[in-house]
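One structure below.
Number of protein chains: 2
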Amino acid sequence: MPTTDPPFLRRVASQDQFLEVVPREEANRRFHAHLTLAPLPAEHVPLSADLLGRVLAADVVAPLDVPQFDRSGVDGFAVRATDTSGATDHSPVTLRLNGEVLACGVAPVQEVLPGTATVIATGGMVPRGADAVVMVEHTDYREGPDGTPLVDIRKPASPGSFVAFAGSDIGRGEVVLRRGTVLTSRELGVLAALGLTRVGVVRRPRVAILSTGDELLAPGEPMRPGAVYDSNAAILAAAVAEAGGEPVPLGIARDRETEIAAKVEQGLEADMLVLSGGTSKGAGDISYRIIGGLGEPGIVVHGVAIKPGKPVALGVVRGKPVVLLPGFPTSAIFTFHEFVAPVIRALAGLKPAAADTVQATLPVRALSERGRAEYVMVSLVDTPAGLAAYPTAKGSGAVTSFAQADGFFCVPQGVEAVEAGTRVTVQRIGRDLEPASLSIIGSHCVGLDLLVGELAGQGIGVKLLNVGSMGGLAAARRGECDIAPIHLMDPRTGTYNTPFLAEGLTLARGYGRRQGIVFRKGDGRFEGRAAAEALAAALADPDCRMVNRNAGAGTRILLDRLLAGAKPPGYWAQAKSHNAVAAAVAQGRADWGMAIDTVAEPYGLGFLPVQPERYDFAIPADRLDRPSVRRFLDLLANASVRRRLTELGFDLTEDA
Amino acid sequence: MPTTDPPFLRRVASQDQFLEVVPREEANRRFHAHLTLAPLPAEHVPLSADLLGRVLAADVVAPLDVPQFDRSGVDGFAVRATDTSGATDHSPVTLRLNGEVLACGVAPVQEVLPGTATVIATGGMVPRGADAVVMVEHTDYREGPDGTPLVDIRKPASPGSFVAFAGSDIGRGEVVLRRGTVLTSRELGVLAALGLTRVGVVRRPRVAILSTGDELLAPGEPMRPGAVYDSNAAILAAAVAEAGGEPVPLGIARDRETEIAAKVEQGLEADMLVLSGGTSKGAGDISYRIIGGLGEPGIVVHGVAIKPGKPVALGVVRGKPVVLLPGFPTSAIFTFHEFVAPVIRALAGLKPAAADTVQATLPVRALSERGRAEYVMVSLVDTPAGLAAYPTAKGSGAVTSFAQADGFFCVPQGVEAVEAGTRVTVQRIGRDLEPASLSIIGSHCVGLDLLVGELAGQGIGVKLLNVGSMGGLAAARRGECDIAPIHLMDPRTGTYNTPFLAEGLTLARGYGRRQGIVFRKGDGRFEGRAAAEALAAALADPDCRMVNRNAGAGTRILLDRLLAGAKPPGYWAQAKSHNAVAAAVAQGRADWGMAIDTVAEPYGLGFLPVQPERYDFAIPADRLDRPSVRRFLDLLANASVRRRLTELGFDLTEDA
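Chain order of the listed sequences is A and B. Quick note: the first sequence, position 545, residue 545 per our numbering, numbers continuous. Quick note: the second sequence, position 368, residue 1368 per our numbering, numbers continuous.
Below is the structure:
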């Protein structure tokens, strides 16, 4: 009967003693003490767009002058400037033409002697004797009485006019590009102008990437219960490329000593090895033991006082950096940027990434773990009072925490909470913050997705934060959003939304949705019954588990009213979205829950309607005239959009 | 005898009537009236780092929940939260362990009934009945008297503790990424988490690039007189890639109708065709005629009132955009960014590039052509009073004008000059402006190149502007640079540099150089003579041509003193660098000039020493304590650096 796995527990217990958690700075100090971070040796790459973003390995000294010769900048006549002095439209200076035409690429033979001129094209080589070019527009060609070709110059030239002197662009021997320069189209043009065909650039560090874990599936493999698709391999490979490295994907290794050891050997052929996984302490042990057994110095840091990322391990094996990242996606990518990316950049010859920070106000209280520096992922919202930083609050296990964040701020070790209204310094990530044309904060709905998609098609960038109806209303009151989608019922009156409008907010009419009970088809406690009857049956059955919604959700208010104080099994399981409710029921972790009807079908669930509700849009009155808000309201009135919302199952009739 | 080419002159004259110069806005209006700029159709690319920078072709709707199940965030025990209420270290709650271990990837079988708990790993699937997980750190495992496995819980759990609910990261049916999103590592992680293996992205527009001109050489071909290496092909290919397109290089076509026509047909198989060349009006005609003959609407703009770039032609052939860029590199790349890049971005599904402007002060007067909007390339320098914008002033024929510029400002049509001290709006180009650690403005020297290279190796970014000694002194007086390298002789005293120091400037001792006469070896007028004797011989020979330096150069001051008022042939040819002087002499355009000895050898020239001179560094006193200035001064004192400067031919002895 006690099939429980004591070794697992022992591993868990014992590994805690391995973890010697050190501050971030100390971790970096120990890691770098064992690393040589000079740029890798040069490789010679043909001149092409493939060189974009590469780093010059050595100074480029011009092997020749550009231009190679004194070059004409216009079509016209090469002259001695002194010959043209005093020339005007009324009294032009007449010069005899020399018998050659200096088209592009033609080497002059004749010297321009006093009183003569030579025809020259733009880009042509200025001949000896000439020190200026007169534009053809300021001349007239004619033949003299004896047929001699002549040119009348109508404007005087000063010495050097329209002549680009040899070496004036690039001088032979000049250092024209410095080592360490990141190549763009502009530098490639300079290299081409020098006639170079290959360029010495720092070799990109090859970074082997290994995901470990029995639970991992490669994208494309069929899903099975308890499994997750490996997102780290894809994020890390791309992040390696973004940091200037060349990813070497090693795939997924199960939590087996031999399997991981073989992949580690393979990975050590690269310049750097990055493992992610071992979110379970027992499993993580295996990689740690293998790396630790490969010689000195081995693992130099195991545990850093940061959140996310505490279990990260840093090591050096055979002179190569080896990093064990946590398995949870946000922990993995966060510790990647903290410890791995700087090493890649250094090996690639790139300067450290410039810190890109902005000041923002925290609109809500943020809690932190006291013993660690905690990095809080935030979404930035433009408000009249400056930026507001909304914690994304999905946790380190979520791939979207990092992916959808605009940045993060740090709560120092020893601080337990940062109060709402505090100014924080946000380190931006990924890309420049594009100020959204329209910010929508509040309750989520599939119908809203449709509207936002239409706006995106019109080129309107939308910032969409799902924080629930109550959170949305608060954001609208604080002026942090343009639109707050809400579906809130006043329990006293049964009226939706309008009773919740604070001063300064107006309500745009949205559409009706249906809340109801979702259940697995064929469950006799629900199938074929009316909602009230089914609910009574469910409450009467002690084995019948519900799944609840989080406090602050409109659905939770409705549900609490319906339960009238009852707290059936599962009441404390608080799913955070309609989807999470449907998933819990579909997978048998609960037997019923409340959700809108549009989620029932995708999960193959039955649906018993309980309550039609209004999903409307609270809008600060002073935002109504913003063009993007107008466009949103126009969409709501648009016949084709309304038809599509109706097809999705929403109620757009007048009396909804 | 009249071998002059009248057809060339006729072409030049006649083509001016073709040019119908229109303002920039009108040019864009006409061009876009004939174009459909919707994003190209999708192609499906495997999930990999190759997707970085690609643009999503359609919204991505989540096909599954992430996580798929309620997931534990820690190693510990899945419990019913109500069972743990009141637990403390002193009075733990004891629960019976269920007989399964929920490692990662394991689907639970047993329900967690009241009074029981199940071992669960981080990432494990929370079983039915449980609504929270207790961390292993807050528990003790033991066996009961009958061997029953038990766990003592020492801390109460609240419902949902350490549980990530199914769909809380990504909900099935949620629009998780919008079409038009540019993919980074973060989005790729999200796509992998959804199990996707291929992603629909907008196909990159294929842009064919053709250079035309008899004078062009492909990089790697041997140089010949009058020829230039084709830099446009490389710049434009890379710029196409930077704008989100895929370059299709067509190489170089001579100025022959059949050759260009064949390449144009080939280019029209791509999505867009870009030609550059035809700097000579006659030659440019050919491309224009060919494109114009391929059907309606053909060429819709020929000539735009901008500088650089006036002769650009915009056309549409068989529904495809065709652009004829001028041949001069800066004109070509400037008009590319103006007319071509926006079209590529639109076809690639990218938003228009965000304008990136800064305010700066113009330190010198800038002249402009009255009839056109003139874009002046500038180099930005950080000063205590904000940014200063130095015109790079190399002209549109120079590849470095654009490559080395930090941005440009526009002098509107009708304005002839912008006065020094004017505030201008600078559009930045290429990349973020990295504020240089050290700015050096003044006279150029090969020895300075060595010092700057050393600083670059130490990670100090140097901004180096070669504006001559007088320009450097003025910049130092205005506080626009940290260091102004100068070599200026006071003609009255023969003393170098110190007489020129204004208040607030100090002089750091540099090194000695030798100015002298450069000439072609074997020229009897110079070979084997002393400088004074040679100069006398040169001035006596009316066929002996000199090449002068530009006004403001230290060398010019010396030369004028030497000539004592004489203005021999070539006096008005003003080369702008030591290299340009050496090139003019080496190529026979002049017979002698004055330059420093270090340029003679690379050009194979003879050298007659005239005057030792001091090359020193004027430094604003209030900059002396800047760390980067300190590092520069340290280098000047460094024995190994001094030895290398000596090897280059500079004089670092005490009495120099």
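The beta carbon of each residue, even a glycine, is placed where N, CA and C say it ideally should be. Just so we're clear, the structure is a prediction, and the values are computed from it rather than from any experiment.
Check your understanding: Thinking just about the alpha-carbon of each residue, which of B/Arg1289, B/Gly1099, B/Val1126 and B/Gly1407 is nearest to the one in B/Gly1105?
Key -> Numbered from 1 along the second sequence, position 105 holds the residue referred to as residue 1105 of chain B. When only C-alpha atoms are compared, the closest one is B/Val1126.
Are there any heavy atoms of the ligand MN lying less than 7 Å away from the beta-carbon of A/His487, as far as the coordinates show?
Because no ligand of any kind appears in the structure shown, any question about the ligand MN cannot be addressed here.
**Asked** With a Cβ-Cβ cutoff of 8 Å, do B/Ile1429 and B/Ala1398 count as a contact?
**Response** Locating residue 1429 of chain B in the second sequence gives position 429, where the first residue counts as 1. Locating residue 1398 of chain B in the second sequence gives position 398, where the first residue counts as 1. Not in contact: B/Ile1429 and B/Ala1398 (Cβ atoms no closer than 8 Å).
Going by the DSSP bridge assignment, what does B/Ala1360 pair with across the sheet? Counting from one through the second sequence, the residue named residue 1360 of chain B turns up at place 360. Paired residues: B/Val1424.
message: In whole angstroms, give me the CA-to-CA distance for A/Lys394 and A/Val340.
response: Indexing the first sequence from 1 puts residue 394 of chain A at position 394. Indexing the first sequence from 1 puts residue 340 of chain A at position 340. Going by the C-alpha atoms only, they are around 24 Å apart.
Starting from the C-beta of B/Ala1062, find all residues in its chain whose C-beta is less than 7 Å away, skip the five residues before and the five after it, and write them out in chain order. Sequence index remark: in the second sequence, residue 1062 of chain B carries index 62 (1-based). Here the set comprises Ile1170, Gly1171, Arg1172, Gly1173, Glu1174, Val1176 and Leu1194.
**OP:** Please report the residue range of the alpha helix (DSSP H) in which A/Asn579 lies.
**Re:** Position 579 of the first sequence holds residue 579 of chain A. Start and end: His578 to Ala586.
#### Entry: Closest by C-alpha distance to B/Val1304, when choosing among B/Ala1436, B/Arg1030 and B/Val1202
On the second sequence, position 304 is the one that residue 1304 of chain B refers to. Nearest C-alpha to B/Val1304: B/Arg1030.
(message) Just to check my reading of the structure: A/Arg484 and A/Ala618 have Cβ atoms closer than 8 Å, yes? What is that Cβ distance to the nearest angstrom?
(response) Reading the first sequence from its first residue, position 484 is the one you call residue 484 of chain A. Reading the first sequence from its first residue, position 618 is the one you call residue 618 of chain A. First, the amino acid is wrong: residue 484 of chain A is Ala here, not Arg. That pair is a contact at about 4 Å.
Practice task
Please confirm whether B/Val1201 and B/Leu1294 have their CB atoms less than 8 Å apart.
Solution key: For the purposes of this step, residue 1201 of chain B is taken as the residue at position 201 of the second sequence. For the purposes of this step, residue 1294 of chain B is taken as the residue at position 294 of the second sequence. Not a contact, by the Cβ cut-off of 8 Å.
- Starting from A/Gln427, find everything on chain B with Cβ-Cβ shorter than 7 Å and list it in chain order. Here residue 427 of chain A is taken as the residue at index 427 of the first sequence, counted from 1. Neighbours of A/Gln427 on chain B: none; closest Cβ ~15 Å, over 7 Å.
Does DSSP put A/Thr4 in a helix, a strand or coil? Numbered from its first residue, the first sequence carries residue 4 of chain A at position 4. Model confidence at A/Thr4 stands at a pLDDT of 46, short of 50, so the residue's coordinates are unreliable; what they give is reported in the following sentence. A/Thr4 falls in the coil class under three-state DSSP.
**Prompt:** Leaving out five residues before and five after A/Gly510 in sequence, what residues of the same chain have Cβ atoms less than 8 Å from its Cβ?
**Reply:** Your numbering for residue 510 of chain A matches position 510 in the first sequence. Result list for A/Gly510: Gly447, Pro485, Arg614, Tyr615, Asp616, Phe617 and Leu636, in chain order.
Any C-beta of chain A under 8 Å from that of B/Met1470
Locating residue 1470 of chain B in the second sequence gives position 470, where the first residue counts as 1. Not an interface residue.
Let's test the definition: count the other Cβ atoms within 10 Å of the Cβ of B/Gly1115 and tell me whether it reaches 16, buried, or not, exposed. Locating residue 1115 of chain B in the second sequence gives position 115, counting from the first residue. By the neighbour-count rule (16 or more Cβ atoms within 10 Å), B/Gly1115 is not buried but exposed.
Is there at least one Cβ from chain B nearer than 8 Å to A/Asp59's Cβ?
-> Within the first sequence, the letter at position 59 stands for residue 59 of chain A. Closer than 8 Å to some Cβ of chain B, the Cβ of A/Asp59 qualifies, so yes.
Buried or exposed: B/Val1264, going by 16 or more other Cβ atoms within 10 Å of its Cβ? Stepping through the second sequence from its first residue, residue 1264 of chain B is reached at position 264. Answer is buried; the Cβ neighbour count reaches 16.
**Item:** C-beta contact flag for A/Lys576 and B/Phe1069 at 8 Å
**Value:** For the purposes of this step, residue 576 of chain A is taken as residue 576 along the first sequence, with counting starting at 1. For the purposes of this step, residue 1069 of chain B is taken as residue 69 along the second sequence, with counting starting at 1. In this structure, B/Phe1069 does not lie closer than 8 Å to A/Lys576 by Cβ.
| request: Find the nearest neighbour of A/Arg514 within the set A/Glu527, A/Ala389, A/Gly554 and A/Gly407, judged by alpha-carbon distance. | output: Within the first sequence, numbered from 1, the residue matching residue 514 of chain A stands at position 514. Of the listed residues, the one whose Cα sits closest to A/Arg514 is A/Gly554.
Just the C-alpha distance for A/Ala639 and A/Gly327, rounded to the nearest angstrom, thanks.
Residue 639 of chain A sits at position 639 when you count from the first residue of the first sequence. Residue 327 of chain A sits at position 327 when you count from the first residue of the first sequence. Looking at the two C-alpha atoms, the distance is approximately 48 Å.
Worksheet item: Does the distance from the CB of B/Leu1210 to the CB of B/Ala1253 come in under 8 Å?
Response: As a first step, residue 1210 of chain B must be located in the second sequence, where it is residue number 210. As a first step, residue 1253 of chain B must be located in the second sequence, where it is residue number 253. Yes.
Three-way DSSP call (helix, strand, coil) for B/Leu1325 in this model: In the second sequence, counting from the first residue as 1, residue 1325 of chain B sits at position 325. Here B/Leu1325 sits in strand by DSSP.
Per the DSSP calculation, A/Lys463 is bridged to which residue(s)?
Here residue 463 of chain A corresponds to residue number 463 of the first sequence, with the count starting at 1. Looking at the DSSP assignment, A/Lys463 forms a beta bridge with A/Ser439.
key: Cβ-based burial, B/Gly1606 [other Cβ within 10 Å; buried from 16]   = Along the second sequence, one-based indexing puts residue 1606 of chain B at 606. Under this definition B/Gly1606 is a buried residue.
On the CB-based measure, 16 or more other CB atoms within 10 Å of its CB, does B/Ala1502 come out buried or exposed?
Against the second sequence, residue 1502 of chain B aligns to sequence position 502. It counts as exposed.
Minimum Cβ-Cβ distance from A/Lys521 to chain B less than 8 Å: Counting from 1 along the first sequence, the entry for residue 521 of chain A is found at position 521. False, the Cβ-Cβ gap to chain B never drops below 8 Å.
Quick check on the DSSP output: what are the complete beta strand (DSSP E) runs of length 3 or more inside the region 256 to 338 of chain A, in order along the chain?
272 to 277, 298 to 302, 313 to 317 and 320 to 325
Problem - Within chain A, the residues that B/Ser1231 reaches when beta carbons sit closer than 9 Å - result: Working through the second sequence from its first residue, we reach residue 1231 of chain B at position 231. Near B/Ser1231 (Cβ distances below 9 Å), the residues of chain A are Val66, Leu188, Gly189, Val190, Leu191, Ala192, Ala193 and Leu194.
Fill in: Nearest candidate by alpha-carbon position, reference A/Ala353, set A/Gln359, A/Arg345 and A/Ala360
By 1-based counting over the first sequence, the position of residue 353 of chain A is 353. If we check each option's Cα against that of A/Ala353, A/Arg345 comes out closest.
Q.
How far does the alpha helix (DSSP H) with A/Asp560 in it extend, from its first residue to its last?
A. Working through the first sequence from its first residue, we reach residue 560 of chain A at position 560. Per DSSP, A/Asp560 belongs to the alpha helix (DSSP H) from Gly554 to Leu563.
* Asked: What number of angstroms, rounded off, separates the C-alpha of A/Arg556 from the C-alpha of A/Arg549?
  -> As a position in the first sequence, residue 556 of chain A is number 556, starting the count at 1. As a position in the first sequence, residue 549 of chain A is number 549, starting the count at 1. Each residue's alpha carbon lies about 5 Å from the other.
- Message: Could you give the first and the last residue of the continuous beta strand (DSSP E) run that contains A/Lys546?
- Response: Position 546 of the first sequence, counted from the start, is the residue given in the question as residue 546 of chain A. Residue 546 of chain A is actually Met in this sequence, not Lys. From DSSP, the beta strand (DSSP E) with A/Met546 extends over Met546 to Arg549.
Practice item. Report buried or exposed for A/Gly86, applying the criterion of at least 16 other Cβ atoms within 10 angstroms of its Cβ. Key: As a first step, residue 86 of chain A must be located in the first sequence, where it is residue number 86. By the neighbour-count rule (16 or more Cβ atoms within 10 Å), A/Gly86 is not buried but exposed.
Interface partners of B/Met1135 on chain A, CB under 7 Å: Position 135 of the second sequence, counting from 1, holds the residue named residue 1135 of chain B. Neighbours of B/Met1135 on chain A: none; closest Cβ ~10 Å, over 7 Å.
* Asked: Could one say the Cβ of B/Ser1439 lies closer than 8 Å to chain A's Cβ atoms, at least one of them?
  -> Position 439 of the second sequence holds residue 1439 of chain B. No, because no Cβ of chain A sits closer than 8 Å to the Cβ of B/Ser1439.
| message | Run through the DSSP bridge pairs and tell me what A/Phe617 is partnered with. | response | Counting from one through the first sequence, the residue named residue 617 of chain A turns up at place 617. Partner(s): A/Pro485 and A/Ala508.
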